[in-house]
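Peer 1:
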Amino acid sequence: MPYDNLLYEVEGPLALITINRADRHNAISLATLDDFHTAIQAAAADEAVRVIAITGAGEKAFASGSDLEEVERRDLAKALEPLVQGVAERLERTPKPSIAAINGYCMGGGLEVALGCDLRVASVNAKFATPEGKLGIIPGGGATQRLPRIVGRGWALEMLLMGETIDAEAALRMGLVTRVVEPEELMPEVRRMADHLATFAPFVPRFMKAMVHSGMEGSLATGLAMEKFAQGALCETADKAEGIRAFLEKRRPEWTGR
Numbered sequence: 263m264p265y266d267n268l269l270y271e272v273e274g275p276l277a278l279i280t281i282n283r284a285d286r287h288n289a290i291s292l293a294t295l296d297d298f299h300t301a302i303q304a305a306a307a308d309e310a311v312r313v314i315a316i317t318g319a320g321e322k323a324f325a326s327g328s329d330l331e332e333v334e335r336r337d338l339a340k341a342l343e344p345l346v347q348g349v350a351e352r353l354e355r356t357p358k359p360s361i362a363a364i365n366g367y368c369m370g371g372g373l374e375v376a377l378g379c380d381l382r383v384a385s386v387n388a389k390f391a392t393p394e395g396k397l398g399i400i401p402g403g404g405a406t407q408r409l410p411r412i413v414g415r416g417w418a419l420e421m422l423l424m425g426e427t428i429d430a431e432a433a434l435r436m437g438l439v440t441r442v443v444e445p446e447e448l449m450p451e452v453r454r455m456a457d458h459l460a461t462f463a464p465f466v467p468r469f470m471k472a473m474v475h476s477g478m479e480g481s482l483a484t485g486l487a488m489e490k491f492a493q494g495a496l497c498e499t500a501d502k503a504e505g506i507r508a509f510l511e512k513r514r515p516e517w518t519g520r
């Protein structure tokens, strides 16, 4: 289906969602959030899609933040709606792994969308910030909660309280992103990652995501128990038998998703 604020295309195992508001530095409007929900749901339902990637149109921004013209009119009732939080949560709960391909500015609400992705890859020209404090507000799309879980409390407070812009190398050092590449290599790298992820049995990324995201919310003992039950469930699948047999026979496995 056509989208007003996004581009959606499927390339092999990859569903690529591009924020298509380059004239606004890909600022995220309420309509963009609606499009996000529809596109992510479409990717999740498409059996051919194994990986979801999100990027921004043009060379200047992944997403510069939430659309400030809308934020200016936002009242308490609107602020309490899920908004960007809802998109990030949908990405986390979607069984398929997601990758943020970050080019240029990744600020505020744009960063919060990226934080909802499982993996974040940046070009060397990427810039990151949580500048909401300069506007008299705090982040409302999940940065105060997801950022410390990803980079640790110290780095999260540095970014949140100072509101300063950091570059891709600093983001790599703190673990905000895990790969940094030249701009022309950003999408080829994401496609290589998608192709690699598509070689695994379909249940594997789904269970990995569930273990990490759910386990982080509970105790270590609870997470370890969940892990053992999850591994036990996978041990009953046809794909587990095929994976072991293929490894022993030194051949490529043929997954069936069962």
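Residue numbering for the sequence shown follows my numbering, starting at 263 and increasing by one per position.
Beta carbons are placed, not taken as given, at the ideal position from N, Cα and C, and that holds for glycine.
In whole angstroms, what is the alpha-carbon distance linking His287 and Ala362?
Peer 2: Going by the C-alpha atoms only, they are around 16 Å apart.
Peer 1: Please identify the residue among Pro467, Trp517, Trp417 and Met478 whose C-alpha is closest to the C-alpha of Phe390.
Peer 2: The residue with the shortest Cα to Cα distance from Phe390 is Trp417.
Peer 1: With distances taken from CA atoms, which of Pro357, Met470 and Leu423 is nearest Gly485?
Peer 2: Comparing Cα positions, the closest option is Met470.
Peer 1: Would Ile281 pass as a contact of Gly318 if the rule is Cβ separation under 7 Å?
Peer 2: Contact flag set, yes.
Peer 1: Measure the alpha-carbon distance for Val439 versus Ala376 and round it to whole angstroms.
Peer 2: Cα to Cα, the separation comes out at about 10 Å.
Peer 1: For Cys368, which residues does DSSP report across the bridge?
Peer 2: For Cys368, which the question treats as bridged, DSSP gives the partners Ala325 and Phe390.
Peer 1: Could you tell me which residues DSSP pairs with Ile361 in its beta bridges?
Peer 2: BP columns for Ile361 point to Ala315 and Leu381.
Peer 1: Rounded C-beta distance between Ala492 and Met473? I'm assuming under 8 Å.
Peer 2: With 8 Å as the limit, Ala492 and Met473 qualify as a contact, their Cβ atoms being about 6 Å apart.
Peer 1: Could you work out which residue in Thr518, Ala350, Ala289 and Asn387 is closest to Ala405 when comparing CA atoms only?
Peer 2: Ala405 has its Cα closest to that of Ala350, out of Thr518, Ala350, Ala289 and Asn387.
Peer 1: Report all residues from its chain with a CB closer than 6 Å to the CB of Ala323; omit the five preceding and five following residues, and keep chain order.
Peer 2: Cβ neighbours of Ala323 beyond the five flanking positions: His287, Asn288, Gly366 and Tyr367.
Peer 1: Does the beta-carbon of Pro243 have 16 or more other beta-carbons within 10 angstroms, so that it is buried, or is it exposed?
Peer 2: Coverage of the chain is limited to positions 263 through 520, which leaves residue 243 absent and any answer about it impossible.
Peer 1: Which two residues bound the contiguous beta strand (DSSP E) that contains Leu397?
Peer 2: Element bounds for Leu397: n/a, residue is neither H nor E.
Peer 1: Do Gly370 and Glu394 have their CB atoms nearer than 7 Å?
Peer 2: Taking 7 Å as the Cβ cut-off, Gly370 and Glu394 qualify as a contacting pair.
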